[in-house]
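All remarks here apply to the structure that follows.
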Amino acid sequence: MILSFASFADVHLFVYKWNPAQQLVRDYFSKSNHIQVHEFSIDSILAELIIQEEQQHQVVVLLTASINYSLGQLQLRFFRSIQKNVSSVIDVYSTGHCMYGCQSCAHVYSHRLPITFTNYMRTKHLSSTEIDKNIEVVICPSFSSEEAPFSLLSNQKIVEQIVAFSFPHIIKLHPSTYQTKNDDNPLVSLSKLEQDHVCHFLTSKNVLPDTQTNTLKYIEHARVIICDSDSSIPFEALYFNNQKHILVYEMPEKHNKDDDRQTYFHSFHTPQQLTNLLECYFAGNLECKTEHSHEFFLKKYDEPDGKEIERLADARHWTTNHNNLHKNFDIEKIKQDLKDQFQSPLTQMTLYALGEHTSAQIDELWYADINDVFNVLLNNIDSF
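Using my numbering, the first residue of the sequence shown is number 91, and each one after it goes up by one.
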């Protein structure tokens, strides 16, 4: 998604210091001429805003954390507070974290834009994105949690079954699961079972590296997609109008009779059910349920063409000349406003959203003296 927006304008990407993938992100975008990676902090954000003001640029803040969850909600409050004091910040926009069913991207006039597909549409014909088009089976497991272990990744027998597949296939793990320990990423709560099963998947030579982000290209050429029902992958696969077979893992107690995608899926929750589906596929006897899936996709989203960001910019008035921009802003007032807004009630998630500390530092501060945490935080940022 970052690459999609970088095709429209320069992007400054702020990554939390507690994010275990920070160096991976830096390395991934290191050769990009239009993406600069910064460590997230109040100081670094205000410093970049000063530069943008001096260059008389309009600024759009894009949030990739879903506002369905507390981190995304806190980020939205954080940047809207800044926006009130910085005239060059013309919009704070949440991109949403998935397609279909995610209300975090349900903005007026823009929720039908399939920006998840933008970079795929723009690069699918480039030689640099070439892949093995002969791999028929693509497996994309998601994850759940200790409290609700309903993911494919929680089912030991099916994980072992997939790792033992003898036919050509690839496994694309969820990006958040490559850090297999929960203390690596404080916001990802893989169960111990899922952590063990990720490690088991990683023993397979068919697992794609974490630097491979072009999942849609693999889905395009696959004949069979194996994934979780509670995921955006099966819906994204419905875009491709080439009679795929989408096999979704779903526990009976999680079945939602109102889920209108189900018409296009084959469901399984046991190894034998998955075996039966695959045997029918390889024998040429598996019913194709996706014959009209593209029409279903278009009922939810517009036809992707790679120009979604341009249309989003028009819908959100990013290209409109805004009056009264580029006035000098008061850094101390911004910090005071942030203090007033986030001082009470103060939670660990607030500290994660403000981004001034590592995960270990947040734990130490939080459990050492909860009442003094915010004062310590302000002392750190007042030196700007």
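Don't be surprised by glycine CBs; every beta carbon is placed ideally from N, CA and C.
Which listed residue (the options) has its alpha carbon closest to that of residue i
| i | options | result |
| --- | --- | --- |
| K417 | E129, I135 and L139 | L139 |
| N123 | Y339, S97 and E446 | S97 |
| T409 | S94, S449 and V149 | V149 |
| S234 | K282, Q363, L364 and T353 | K282 |
| W456 | L436, K425 and A111 | L436 |
| L444 | Q142, L161, I141 and S120 | L161 |
| R275 | I92, I452 and S94 | Correcting the residue identity first, residue 275 is Asn in this sequence and not Arg. Comparing Cα positions, the closest option is I452. |
| S177 | Q431, H412 and Q426 | H412 |
| I248 | M341, G186 and I221 | M341 |
| I421 | L216, A137 and H147 | A137 |
| I229 | H147, L216, V127 and Y339 | Y339 |
| I157 | L277, T185 and R170 | T185 |
| D430 | D117, Q112 and R167 | R167 |
| K334 | H356, V115 and D348 | H356 |
| L263 | L298, E250, Q285 and V253 | L298 |
| D404 | V227, T293, D181 and L376 | D181 |
Status (buried if at least 16 other CB within 10 Å, exposed otherwise) for residue i
| i | result |
| --- | --- |
| T440 | buried |
| T301 | exposed |
| P265 | exposed |
| Q165 | buried |
| G374 | exposed |
| T365 | exposed |
| F291 | buried |
| V198 | Low confidence applies here, because V198 scores a pLDDT of 49, under 50, leaving its location unreliable; read the following figure in that light. V198 is exposed by the Cβ-count criterion. |
| S256 | exposed |
| E143 | buried |
| K223 | exposed |
| S94 | buried |
| Y159 | exposed |
| I141 | exposed |
| A450 | exposed |
| T109 | At residue 109 the sequence reads Asn, which differs from the Thr that was named. Buried, by the Cβ-count rule. |
| Y106 | buried |
| S131 | buried |
| G191 | Only weak support is given to the placement of G191: the predicted model assigns it a pLDDT of 47, under 50, and the question is left unresolved by the model. |
| F387 | buried |
| T267 | buried |
| L428 | buried |
| E284 | buried |
| F432 | buried |
| S194 | Only weak support exists for where S194 lies, its pLDDT of 40 falling under 50; the value from the coordinates is given anyway. With 16 or more other Cβ atoms within 10 Å, it is buried. |
Contact with chain C by residue i, beta-carbon distance below 8 angstroms
| i | result |
| --- | --- |
| L292 | Absent here is chain C; the protein component of the structure consists of one chain. |
Limits of the alpha helix (DSSP H) - the one that residue i falls within
| i | result |
| --- | --- |
| Y118 | Q112 to Y118 |
| S171 | S160 to Q173 |
| L367 | P361 to F372 |
| F386 | S383 to K390 |
| S134 | I132 to E144 |
| H311 | T305 to H311 |
Residue j beta carbon less than 8 angstroms from that of residue i
| i | j | result |
| --- | --- | --- |
| L243 | P258 | no |
| L337 | L367 | yes |
| N304 | Y210 | yes |
| I225 | A155 | no |
| K307 | K214 | yes |
| H384 | N346 | no |
| V115 | V127 | yes |
Range of the contiguous beta strand (DSSP E) that encloses residue i
| i | result |
| --- | --- |
| E220 | Element bounds for E220: n/a, residue is neither H nor E. |
| E129 | I125 to E129 |
| I229 | V227 to C230 |
Point to revise | Inter-stretch contact (C-beta, 8 angstroms, three-pair minimum) for the stretch 238 to 246 and the stretch 205 to 223 | key: no
Exercise for review: Check whether the stretch 311 to 331 touches the stretch 370 to 389, taking contact to mean three or more Cβ pairs, one atom from each stretch, closer than 8 angstroms.
Suggested key: Touching, yes, given that three or more Cβ pairs across the two stretches are closer than 8 angstroms.
Point to revise | Any 3 or more C-beta pairs closer than 8 angstroms across the stretch 311 to 324 and the stretch 349 to 364 | key: yes
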